[in-house]
Each structure stands twice: as structure tokens, then as C-alpha cells.
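Protein chains in written order, with our numbering: chain A, 795 to 1410; chain B, -11 to 480; chain C, 522 to 692; chain D, 83 to 184.
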């Protein structure tokens, strides 16, 4: 049964190939069916694998298709490695991916380039699966770059708009900076440990010198930071919302953006050797989480609210990784994939219903026209805000908050930042709900389609029940998720909870409920709009990072390119040529065509030669 | 004997193609195509029937030529040379196909020059006598000069002269170095010979003059490669050459520089080259970054592609002067992959120029709407240029950088910045040409079938190199190891 | 005999000086013939009677006749003399004269510095010259004949007025 | 028979040569330049004869014969050139021939 593993990436890849080559000759319906179906089959394969795993866990399963290249001990293969962590990722990627594909079949139904859309989407799923199943770092890098490429192509999908293409370029380039750090990390790890196989690296990691471990972990972190839009490489994510909404849901919320989390969790053996970098991970996560939450609060564009929210939630996962709470991070990744995909898909319906309007301040009262979407988004927002005891978001967030204090690497101030972020999260989530669905009603087209309601429904259910797989100890400690992942991801050493756990649990609940309450007061009762100045403006523009990078990096580079444009080195050769021409001018002036002049020169030469004889 | 055939096929094919012009240009084109396909077929045949295994020299052919001076007609073939000969065959076919419609004047003479250039290049890859090497070097250059000067674009005369002056000066350095080497060896060991293997058995070591001889050998090939700051002939030549000329230049002529460094400069002067490595590595990193920055700054599409070549050849130089097998195998892959992908990019520019009658990217835009297939194909090669994993260039650069990192981590890290800069220019090019609102007054048909076929072949080969380069690596390994096996022994 | 040498030498120098300074080409030619005849005498005094005879016959005779023919063909009249006067400006002469003066000074210095000797009165009969010519110098003779042939062909080719050429078409 | 010091013969040759040279450089008329060339060739002949007489060998005379031959060839070609030159430029001014200017 596990030998079917190779189908998981191959099916979407085949979908891509068919769509890219012969798709032009096929009708739109067939193209759509191909695009959705290939991912659906991949999801089915994943489910089969999961069922097989549940029946008889093999520990880990490795499948080598062929040797990619082999030079000495540098021998990455096209090899897939399935373990519990990879399986969780695989299920989420293909499962959520399939739901989003179904939704996209509705969302993109009128787009003339639907074939191209599904080709890119299928390629993305294939690459993401390669990423999570990769057995060695070069193959992981292949998937890593592949998803980056698809992200680029899909952000710039509507290429006629120059702004979209610019956003796509920005996303690719900024993540590429991180990718370069990642590949240098790969070089370093091979140079130190003599292998690129991930499991072998993890096994050999304790043999690293502290300096090498720190460098390697820092470089890997660089890659993760770029892909997951964390400080200081976070600026691309809000602009990436230029892509179609299913893209935002799949790539920029559920899967690709969390690849950094996966990378760090996958390579945790290296990170545990580098405590300094672990702290850096936690701090980066915490700061990003807080800053992004503030920005989300000030956004007017519906999708940008969700983008900053994603950034903030991924920051929370990073904080979890930084304190060693690997399982909690992956848990939050999973629940986040459910509710954030749900939110994005719902937001897509809203935008569609309003004819492309994305400004939340111009929306309102939509719960009458779009009741189904209202409920779906409400569930999503509740889960995002961590509504106590019934939503998945509550349990995953609480696990992180709890460990951020009580884990050995945790600290009260990390918890405090997390708690405050959770509060802000509730505020902005319900600001969105209240502004969009309550208040005075605006004109909208109702949407009724199974391709919308089924994915939304499934995701809504998952957003609720997805949390009951890892309950805190005080609520019974039912934790099959942690048990499942334990062979791969160790539990962090932690202090004994006891009553303290109850207190923290209550605090989380308070943050969530308090945030919702504040949102109700501010936005449901009064419909406060943030002013376009001061702090709100600063937050809305993402804390001014774009302007800063423009000034520090982009403009100097453009200046440099402009200065060098005509190849400064060539000036030297042109100078050389000019000198030659000048000498030529002098010499050709001597060549004046007069016979007597030549004869005179001859005589002068004779005089000189004889003079030599005379003086000798 | 079969080695001689590899050179003679294009040589005679060229004459025949010229002569066949009296039966019409179609005859000429078909003769040229048959000759290149035949050469490719022979090379592929050698590869197919070779049993594999560890032996270094696959074939050897030696006849005396001018025995008084120790000059012989010595041809030999190892796996490394074979791969480059195969590349020559592929690029040859591509360049004949690429000029199928573009070249309309003096068709016979054009194909004569094209095939003789190919013959010269093949000869360089097979010659193991320095004198013969130099003869082939010249056979390559002169027809190329005509290709640029007669069939080039608007500033072709300038570009052709610049090309010729640079490469001829480089050839002069090569000649001086060769003669100096031969005479020094003759003076020290009383063996007057131009034979590569005999010279290899008489190492000069750290003999004082050897430093200058090595410099001569280095400069000659560094101009050809080209290494910054000796590169300025390349943008002009690439820009002004006809499509087939650009494809040849990028696909093959630059490879000759790398080949020369790997086959001659380093094995003949191992100690001095090692001492020289820091300078060469610095030049390599400079080339990678400088080429990428300048590529981004260009508005002429061909010039842009030309500067990307400079950037990529920086990786080649970096790998060569890292002195280890991994980097050298990476260089081999880069040579093959860059030949294909840059050659294809030039074909694409040619197609584009044919459609929109300009190479100025500020006057293009939104072409995707008009020519989606062309866009998709170009996207592929732009991605190959920026080093996307799974495509040939990446495998080469990965091995080069990893190999370099083992011995010179700092240079490898600096060179890795090229990944970032290369994505800037590649995406910028895509954006200016294909995305954005469609430019007005641009009528663009999509690709024709034979153009698709050419590019599809290049795509298939690039993917092969990117996903399963192992056959190439195995083929090249013994030869590369042999070149690296210096008195001190190469780093594994 | 000595006196004859010095006398002839003086005549040669004076006649040559006049050749150089004449404005009329025919006059210059006549003075040149005088100079050549004087040199022939010098040859005789130096013990080379055969060469003296050749000097008179070929140089003064044949070659000078060629000049005369050409001058006649060009049909230079009195206005040619006027043109020549216009060209003979002092500043035009100054540089060459100075240069040649220096050269002559150097030559004289070198000649006077070298170990001297005297000439022999009689060194070779025409017979001896002939033996030398057709003995060790045979190759030179052959080459000279070729040279003459080339001169003949060249002169014929150049002297022919090409029918399609226009006068004043540039050299 | 009394003899002449060889230096005197050579001096005569030198003076004649210098005079010819002055004429060659100073005059613009092609015919005069040819005449000057003749003077110089003749001077060279004098030097050969004097040197031959010094050593009592006939080689000097042989050399003079060669000079003579050469002079004949030179004059014939040179005069043909003069004619051609005059036909084309309608002048004998040698400075009119500057088309080889670099």
C-alpha cells in the first residue's frame, strides 16, 4: 500500500503536464475536471496512506524512484520519506488543496485562462508534496523553489495588471533571499556532516561543533523566515494578495507559508544544537506575531486583514518552535490551515458577491444576503479568535501559549506577548465579521453553488472538531495527535502544570472573549473606522518596512545598475582604443605621401646611423 | 579514425553546402542539416556503444604531421570531451534549424562558415597536440568573424572587429604560451614536442618562467570564457551576431574557454594555478555579480541574455579553480545546460525579433496574451537561467557551489548571491516582455511548428540534465579525475 | 697621373654642382655628361680602363640619350624653366643642404679616420674582369639580366599610354 | 706610376654623392630627381672602383658593372613612370603625387 506513495506528487504533476501541453485542445470542462480531479486523486492516495498507517504503522517508509545525482557522498535521490510528520503535512496539503480546487472550479469559472490556472495550481500541489515528502535537502529545496515559482506565477496570474506582476516579483525575490540562505545552509551541513539525507543529518547533528550548528541553524532559519513571511522578510505577503482568492487560501495561508514551520520542525535536531538560534526563532515569531496583529487591525482590504492575520499566526507557530514545542506548532499549523482556508474562501465569496469590492469599510449587513457564508466565516473567525472550548483554534493556540511559559525555553514575557496577540486577534477577527456582516446592508448578489458550500462546510466542520485531537491535561489530556507525532517530534521538557495550567487556560479564554467583546463595542455598536493618519496609517502600511527596504536596498540597487549600465569596464577598452587611434593619427601624419619627405627621412636615418659610428 | 571523421564531417559538409547553393538554398540548408545531424549521430553512437567502466581514454588517433618540430596529428577522446562534442552536435543542429528562415543572403557562404566554426570547435575538443589545438582555434574564429560581420545586425562591423581583436589577442597569448612551454621543455628536458601527453610527463613545476606561461594560457581562455574584466567583447558580439551566431557563441565558443582552462591551463601548471586560485576566484565572483547586475540594467534583449552568460560563466570559473571533482563535474553540467538554455534563449530572442521587429524591451509588453506558447517556452528557459531546481543549470551550480564550499566557503557564499541577482534579471525580463498590458502596435503570431520542435528538444534535454544528470556525470567522471590528478592529487 | 686624377675630380665636382643648380633640364643634362666623362677619366687614373670605357659608352651615351628623349617628349619650353625658378626657393634648399652637409661631414670624418692606403695603378685588364664576371659572379650576371628584362617589360608597360585612361585621373 | 691615396677617391665619391643627395631632396622636378639618382649611383661606382684599386682586385669593377646594369633598368622604368606621371597630372612636380598619404 505504501508503494503508492509516488503517486501523491505524480498525480498533480501529471495534471500539470497534461494541462500545459495538450490542454489547449481540450474543452474547458475537461480542463477543470483534470485540474480538480488530479488533486482529488492525490488526496485519495493520501487518505489511503493514512488508513494504511493507522492499520499498521511502519515507523517510516522510504521510497527511492531514482538517483538524482551521485558525486562521492553527495548523493541526493528522488526519494520520498513518509513519517508521521510528513503524513500530517501530506493530508493537510492534499486535503485542503482538494477542497480549494473544488472551490476554485466555481471561483474561476468565467476566467478565460482557467487552464493556465489549474496547471499552476496542480504544479503547486505537486511541488508542495515533494517538499513535505523529501528525503534529502536538495530535493526539499526543489520543492521549496517549486512552490515559490508557483506562488510567483499565481500572484501574477492576472498579468495584464502591472501591479500584480510587481507583487509577484516582490514575493519571489524576497523569498529567494531566504532560499539562498537555505541553500548555503545545505552546503554547510554537507561540508560538516558529509551527507544531505535529512535523517542522516539529524542523526549526526549532535556531532556538530557549536559554531557550525549555530551557522547551519541560522541559515535554515533564514530560509524559513523568507518562505513564512516573518521578520525581516515579511513584506511580500500582503502584496501577494493580488492573486486570485483560492491562491491566497491555498498558498498564502494554508500550505506554502507554513513551509518554514515544517522546515524547522523537520530539522529540529539541528536547531536543538543551537540554543541561540532557538531563541532567535522565538523572538522573531513573537515580534512578527504582535506587529502583524496590529497591522491586521488597521487594514481596510479584506484580504489584507487575512494576510496579516496569517503572518501573525505563523509567527505564533515560530514562537512555539522557538521554545521547542514542535508538536504544538504543527498542531496549530493544521488548525490554522483549516480555519484560514475557510476564512479566505468565505472572503472570496463575499468579494465575488460584491462585484470585486475588497474594502471592509464599504461592506455591511451581508448576513441577510449570504447567510451560509456568514456562518462559515463566523465559525472561521471564532476559531481564529480562539473561542473557548468549542473551536480548534482555541486548543492549538492554548497549547502554544501554555508551553511558551512552562517549557524549559519558555518565558513569561513570551507568554505575555502571545496572550496580547491572542486578544488582538479576537479583536480584528470580529472587527471583520461585524464590519462585513452587520450594520447597514449593501447591495450584493446571493451565491448558491455546491462547489462553494461543500468545501466551506467541510472546512467549517474541521475548524471546529480539528482541535479535539490534542486536549490539555486539565481537560482530560486526550492527545492522539501528540502520540502520533512523538516518534518524530519530541515533547519539550516542561515544568509541571497543575493548577497553573488551569490559570493559563482561563487567561486564554479571557483574551478571546475579551477581544470579541471589545470588537463588539468598537465595531458592531459604533462602526469605528480607523483614521488614515498616525499610528493606524503606520500599522496599515506594515510598520513602514516597504519604505525602509525601498530606501535601503531597492533604490541603491537600481542606482548601481543604472550607473553600470554601459559596462564601466568597457570604458577602459574604449580608452585603449582611443589611445591607439591617437598614436595612429600621429604616425599617419608622417605618412604624408611626399617622396622627398620620405627621402629626407631616409637621409636623416643615415645621418643618425653614421653618427653612431662616429661616436663609437 | 572515427575521431577524424567527427572533424571532417562538418569540414566537408561546409564545402559541400557552399557548393550546393547552385541547386538552390534549400539544398544548402539540407546539406548543412544532414552534416550536423550526422556529426551528432556519430558522437551519440560513440557514447552508445562505449562499454562504460573506468577507463579514461575512449579513443585515440595519432599520426605524425611535422615530425621535425614534434608536431603530430593527435586526436583523443575521453568522456568529458565526448559530452562537449555531443553538445556541439546538438547546438549545431539547433543553429542550422534556427537560421532556416532568418538567413536569406549568401546562404551557401553562411552555412560554410557555420559548419567550419563547428569543425574548429570539435577539433579543439579532440586535439591533444598543442599545435593542432591552435590551428583549430583559428579555424573556429575566422568563420565566426564572418558570421558576425556579414549577417549581423545594425552595428555588426564594430562588433565583429571587437570580437576579432579580443579573441585574436587571446590567441596570441595562447600561441606565446604554447611556444614558450614547448621551448622551455625542450631546453630543460631535451624533448621537442607539442604533444599534450608528452608535455604532461615533463612538468615545469615552479620553474620561474612557468608563471608567465601559465598566465598566457590563463588569459587566452579567460577572454574566451569570458571572465570579468576581459568580457566586453561578448555583449557586442552576442548582440550583433545573427541568431545562429549567438547560439554558437553562447552555446559553444564560451565552452572552449572553460575547456581550455580545464584541459590545458590547470593540468599543465598545477602548482602555479593553485597559487593563482584566489585571484581567479575573485574574478569569478565578480563576474557572477557584475554580469547579473548588468543584465538587469540592459534594455536590449540580446544584450541582457549576453550578460547572463557572463554571470553563468563566473560559476564555471569558480568551479574550475576550486580544484575538486565535485565542482568540476558541476562545471561540466553547467557547460552543457548553459549551452542549451542560453542557446534556446537566443533562439527565442530571434523569434521575438522576427515578430515584433525590435529587441528593445521597453517597447514590448503583454506578449503573453498574443503568444502564450512562446511565453511558456521562454518562461522555462528564464527559469533555467535563474537556477530553478530540476533544470540543468541548477544541478551544475549546486555541484559547483557545494564543491567550492568544501574548500573556499567564503567565495561560495558570495557566489550564492548570484541566485538572488539572477532571479531579478530573469523575472524582470519576463515582466517586461510578457506581462503587463499588451503593447500597442505589436503584431505577434505565436511560434511555428519547427520553432516549437527546436525549443521542445532543448527543454527535454534541459530537464534530463536537471532531473537525471547521472549518465553525464558518470561519463565525465574519469576524464575529470584524470585532469585533476596532479602531482599533489586533487581533493576528492 | 696624380694631377690628372685631381683635375678630373675637380671637373666632375664642378660639373655636378652645375647639374644640381641648373634650371633648364637640357643644360643640366649636358653638365651631367661632362661630369660623367670626368668620372670616366678618374676611373682610368684609378687603373680601370674597361670601366672607364663603359662609363663613356653606356652612361654618358645610352642612358643620357634616354633622358634627352624623354625631355623632348615632354616638350618642356621656356615656361618650364620659369616654373623651375619658382620652385627653387632658398628655404627649400636649406634643410636638405644642411642634412647632406652633416652626412658629408660624417663620411669625410670616417674616411679620414680609417687606415689609409694607396691605389694601385693597374688592377685589372678587361680580360680579368670578364673572367671574374663569368666565374664567381655568374649568378649576379644572371640576376642582372633578369633585372634588365624586368626593366624592359616594366618600361614598356608603363610607357604605353592606356587608351581608356583619362589624363589627370590621379596616380 | 704615381698613385692616388684611396681616401681621395672615396672623398670624391662622398662629395658627388652628397651633391646628388642635395639635388634629390631639394628639387621638385621629377626629371631632376632622376638625374640626382644617377649622380648618386655614379658616386657609389666611384667608391667601388677606388676600393677595388686599393686592394688590386677586379671585384670593384664587377660591382660597377652591376650598378651600371641597375642604373639602366632604373632609368628606363623611372623615365616611363615620369611619362605616365606627366600624362596624368600634367606637371612634373613630385609634390603633386600625394595620393599615398596615410
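Note that CB positions come from ideal geometry on N, CA and C, so glycine has one too.
Asked: Could you list which residues in chain B have their beta carbon closer than 7 Å to that of residue 963 of chain A, in chain order?; Found: 415, 419
Asked: Spell out whether any CB of chain E is found under 8 Å from the CB atom of residue 144 of chain D.; Found: Reference to chain E is not applicable here, since the protein chains of this structure are A, B, C and D.
Asked: Put residue 47 of chain B into one of helix, strand or coil per three-state DSSP.; Found: strand
Asked: For the alpha helix (DSSP H) that contains residue 390 of chain B, what are its first and last residues?; Found: 380 to 395
Asked: Hey, out of A:1197, A:1279, A:1036, A:1218, whose CA is closest to residue 1076 of chain A's CA?; Found: A:1197
Asked: Identify the continuous beta strand (DSSP E) that holds residue 894 of chain A and give its terminal residues.; Found: Not the beta strand (DSSP E): residue 894 of chain A falls in the alpha helix (DSSP H), residues 878 to 901.
Asked: Use the C-beta contact count for residue 476 of chain B: other C-beta atoms within 10 angstroms, 16 or more gives buried, fewer gives exposed.; Found: Here the model assigns residue 476 of chain B a pLDDT of 39, short of 50, so the residue's position is not dependable and the matter cannot be decided.
Asked: Buried or exposed, going by whether 16 or more other CB atoms sit within 10 Å of the CB of residue 406 of chain B?; Found: buried
Asked: With 8 Å as the threshold, decide whether the Cβ of residue 1098 of chain A is near any Cβ in chain B.; Found: no
Asked: Using a Cβ cut-off of 8 Å (strictly closer), state whether residue 919 of chain A contacts chain B.; Found: no
Asked: For residue 653 of chain C and residue 191 of chain B, I'd like the C-alpha separation in whole angstroms.; Found: 58 Å
Asked: Could you work out which residues of chain C lie near residue 152 of chain D, taking near to mean beta carbons separated by less than 8 Å?; Found: 665, 668
Asked: Under 8 Å between the Cβ atoms of residue 112 of chain D and residue 679 of chain C?; Found: no
Asked: Helix, strand or coil for residue 124 of chain D, going by three-state DSSP, please let me know.; Found: helix
Asked: Starting from the beta carbon of residue 1488 of chain A, find every residue of chain D whose beta carbon is closer than 7 Å, and list them in chain order.; Found: Any property of residue 1488 of chain A remains undetermined from this structure, which presents chain A solely from 795 to 1410.
Asked: With distances taken from CA atoms, which of A:877, A:928, A:891 is nearest residue 833 of chain A?; Found: A:891
Asked: Relative to the C-alpha of residue 183 of chain B, which residue among B:366, B:59, B:167 is closest?; Found: B:59
Asked: Using 8 Å as the cut-off, can you tell me whether the segment 158 to 178 of chain B makes contact with the segment 22 to 38 of chain B, which would need three or more C-beta pairs spanning the two stretches below that distance?; Found: no
Asked: From the DSSP output, which residues share a beta bridge with residue 873 of chain A?; Found: A:858
Asked: With a Cβ-Cβ cutoff of 8 Å, do residue 536 of chain C and residue 555 of chain C count as a contact?; Found: yes
Asked: Check the Cβ-Cβ distances between residue 126 of chain D and every residue of chain C, and say whether any is below 8 Å.; Found: no
Asked: Tell me whether residue 28 of chain B counts as near the ligand MG, meaning its Cβ is closer than 7 Å to at least one heavy atom of that ligand.; Found: Of the ligands one can find in the structure shown there are none, so the ligand MG has no counterpart to examine.
Asked: Is residue 1374 of chain A buried or exposed, if buried means 16 or more other CB atoms sit within 10 Å of its CB?; Found: exposed
Asked: Within 8 Å of any Cβ in chain A, is that where the Cβ of residue 546 of chain C sits?; Found: no
Asked: Among B:253, B:13, B:285, B:52, whose alpha-carbon lies nearest the alpha-carbon of residue 88 of chain B?; Found: B:13
Asked: Report the neighbours of residue 630 of chain C on chain A: residues whose CB is nearer than 7 Å to its CB, in chain order.; Found: 1408
Asked: Could you tell me the alpha carbon to alpha carbon distance between residue 1401 of chain A and residue 1362 of chain A, rounded to whole angstroms?; Found: 48 Å
Asked: Starting from residue 1384 of chain A, find everything on chain C with Cβ-Cβ shorter than 7 Å and list it in chain order.; Found: Under the 7 Å cutoff, chain C gives no residues; its nearest Cβ is about 16 Å from residue 1384 of chain A.
Asked: Three or more C-beta pairs closer than 8 Å, one from the segment 954 to 963 of chain A and one from the segment 993 to 1006 of chain A: is that the case here?; Found: no
Asked: Could you work out which residues of chain D lie near residue 1397 of chain A, taking near to mean beta carbons separated by less than 8 Å?; Found: 103, 107
Asked: For residue 105 of chain D and residue 659 of chain C, I'd like the C-alpha separation in whole angstroms.; Found: 35 Å
Asked: With a threshold of 8 Å between beta carbons, is residue 127 of chain B in contact with chain A?; Found: no
Asked: For a test of the three-state rule: what should DSSP assign to residue 521 of chain C, helix, strand or coil?; Found: Because chain C spans 522 through 692 in this model, residue 521 of chain C falls outside it and cannot be assessed.
Asked: In chain C, which residues lie less than 8 Å from residue 176 of chain D when you measure between Cβ atoms?; Found: Near residue 176 of chain D there are no residues of chain C at all, since even the closest Cβ is about 10 Å away, more than 8 Å.
Asked: Is DSSP giving residue 478 of chain B helix, strand or coil here?; Found: With a pLDDT of 35 at residue 478 of chain B, under the threshold of 50, the modelled position of this residue cannot be trusted, and the question is left open.
Asked: With distances taken Cα to Cα, identify the nearest neighbour of residue 340 of chain B among B:139, B:239, B:289, B:66.; Found: B:289
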